[in-house]
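Note sheet for the following structure.
There are 2 protein chains.
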Amino acid sequence: MARPRRDNQIPELIEDCEAVCDTALVFAARGALPGARDTHRLADLFSTLADPTRLRIVATLDGREMCVGDIGASLGLSPSATSHQLRVLRQQGLVRSHKDGRMVYYTLDDEHVSLLFRQGLEHIAHIEESG
Amino acid sequence: MARPRRDNQIPELIEDCEAVCDTALVFAARGALPGARDTHRLADLFSTLADPTRLRIVATLDGREMCVGDIGASLGLSPSATSHQLRVLRQQGLVRSHKDGRMVYYTLDDEHVSLLFRQGLEHIAHIEESG
DNA sequence: CTCATAGTTGAATACATATTCATATGTTAA
DNA sequence: TTAACATATGAATATGTATTCAACTATGAG
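Those protein sequences? They're chains A and B, same order as listed.
Sequence positions in the first sequence follow this note's numbering and run 804 to 934.
Sequence positions in the second sequence follow this note's numbering and run 804 to 934.
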């Protein structure tokens with residue numbers, strides 16, 4: 804996923820539009836772009852969901868609170884790999900944790916997360932039948 | 804993003820659950836997992852949206868049909884970079900193209916795409932205020 | 001036909017990242 | 001205290017991938 808992320812400068816837009824087919828459309832499109840900050844945040848969000856292991860963790864935690872060990876046991880992951888991925892999910896605000904003794908319990912942070920997840924599943928179902 | 808993708812085998816689940824805290828929870832979680840095929844498709848979908856340039860292309864095409872040159876001009880991208888990223892989006896079923904003479908016009912494939920995009924924006928807005 | 005233009009594609013490069021291994025931190029039990 | 005455990009973390013390795021550059025294809029103009 805991402806945080807330090809390749810510098811990935813969003814290029815300066817060029818004023819002169821001579822080689823363009825439809826100038827009005829180009830300007831309208833430019834006006835509709837989200838800011839650079841939001842674009843990067845959004846890319847980070849989707850990057851976080853772009854890994855099978857993290858998706859499986861999200862599915863695992865959908866409607867359940869579980870400790871790190873049980874999450875790993877559910878998915879056949881080493882404690883280390885589990886912890887690394889949970890950190891990524893935590894840093895992106897997709898999961899929340901609380902400590903109880905030496906156990907740490909995780910849940911999805913809010914409904915937005917499982918919504919995105921299910922929306923994604925719907926999309927692939929849609930593609931499956933029509934694409 | 805992804806297609807040949809690291810082998811990334813989803814590990815076999817282990818029957819013996821002795822070291823587990825809450826066996827019932829672990830089995831429930833396992834039952835809720837999507838299949839390996841869907842998990843990978845979903846990861847590919849989110850990978851496709853995990854890049855700022857592609858996100859900007861999606862924003863550009865939201866409600867607009869544009870030729871490759873104009874998309875590039877809107878975003879300050881080289882024709883080659885634009886074309887490469889459009890191919891990724893096309894292969895994932897996020898955009899559709901049709902040719903007219905020597906121009907190729909692109910649009911978002913369907914409403915699902917801008918829905919996912921906007922849902923993502925909502926999530927980061929939500930994080931912004933509460934996280 | 002010949003040239004310019006719109007777009008595509010493959011290889012190379014530079015950077016991002018998932019897992020593992022070794023180790024560290026903090027917590028409970030004996 | 002000492003030992004065992006639950007989790008976290010840093011470095012290393014192997015792999016994924018976005019952009020550029022240099023061809024290449026297809027179309028239309030002269």
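Virtual Cβ for every residue (Gly too), placed ideally from N, Cα, C.
Worksheet item: Of the choices Gly834/B, Leu836/B and Ser850/B, whose alpha-carbon is the least far from that of Phe920/B?
Response: Residue 920/B sits at position 117 when you count from the first residue of the second sequence. Taking only the C-alpha atoms, the option nearest Phe920/B is Ser850/B.
Discussion item. Does the contact criterion of 3 or more C-beta pairs under 8 Å hold for the segment 846-860 of chain B versus the segment 887-897 of chain B?
Written reply: At 8 Å Cβ cutoff, the stretches touch.
Discussion item. Suppose you measure from the CA of Met804/B to the CA of His929/A; what does that come to, to the nearest Å?
Written reply: By one-based count along the second sequence, residue 804/B stands at place 1. By one-based count along the first sequence, residue 929/A stands at place 126. Its pLDDT being 47, under 50, Met804/B is placed unreliably by the model, and the measurement read from it follows with that caveat. When rounded, the distance between both Cα atoms is 21 Å.
Worksheet item: In terms of DSSP beta bridges, what is Asp903/B paired with?
Response: As a working note, residue 903/B is residue 100 in the second sequence. Answer is Met906/B.
Worksheet item: So the alpha helix (DSSP H) Val823/B belongs to, where does it begin and stop?
Response: Against the second sequence, residue 823/B aligns to sequence position 20. Premise fails: Val823/B is in no alpha helix (DSSP H) and is neither H nor E.
Fill in: Sequence-distant residues of its chain with Cβ nearer than 6 Å to Glu868/A (five each side left out)
Mapped onto the first sequence, residue 868/A falls at position 65. Shown here for Glu868/A: same chain residues with a beta carbon closer than 6 Å to its own, the five before and five after excluded, namely Tyr908 and Thr910 in chain order.
Worksheet item: Identify the residues that DSSP records as bridge partners of Leu911/A: which are they?
Response: The residue labelled residue 911/A in the question sits at position 108 within the first sequence. In the DSSP output, where bridge partners are listed per residue, Leu911/A has Val898/A.
Discussion item. Let me check understanding here. Comparing Cα to Cα, which of Leu918/A, Arg857/A, Glu914/A and Gly879/A lies closest to Gln888/A?
Written reply: What you label residue 888/A is simply residue 85 of the first sequence in a count that begins at 1. For Gln888/A, the nearest C-alpha among the options comes from Arg857/A.
Discussion item. Does Arg905/B pass the burial test, meaning 16 or more other C-beta atoms within 10 Å, or should it be called exposed?
Written reply: Along the second sequence, one-based indexing puts residue 905/B at 102. Exposed is the call here.
Worksheet item: Quick one: is Asp842/A buried, meaning 16 or more other Cβ sit within 10 Å of its Cβ, or exposed?
Response: As a working note, residue 842/A is residue 39 in the first sequence. With the sequence shown as reference, residue 842/A is identified as Thr, and Asp is not the correct amino acid for it. With 16 or more other Cβ atoms inside 10 Å of its own Cβ, Thr842/A counts as buried.
Discussion item. Against Leu828/B, what residues of chain A qualify as contacts under a CB-to-CB distance less than 7 Å, listed in chain order?
Written reply: To locate residue 828/B, count along the second sequence from 1; it is residue 25. Neighbours of Leu828/B on chain A, chain order: Arg867, Met869 and Asp873.
Worksheet item: Fully enclosed by the segment 821-893 of chain A, which alpha helix (DSSP H) runs are 4 residues long or longer?
Response: List check, alpha helix (DSSP H) in window: 826-835, 839-851, 855-864 and 871-878.
Worksheet entry | Amino acids of chain B, ordered along the chain, whose beta-carbon sits closer than 9 Å to that of Pro837/A | Indexing the first sequence from 1 puts residue 837/A at position 34. Taking the beta carbon of Pro837/A as reference, the chain B residues within 9 Å of it are Leu858, Arg859, Ala862 and Leu924, listed in sequence order.
Worksheet entry | Proximal chain B residues relative to Asp825/A, where beta-carbon distance stays under 7 Å | Your numbering for residue 825/A matches position 22 in the first sequence. Residues of chain B with a Cβ closer than 7 Å to the Cβ of Asp825/A are, in chain order, Asp873.
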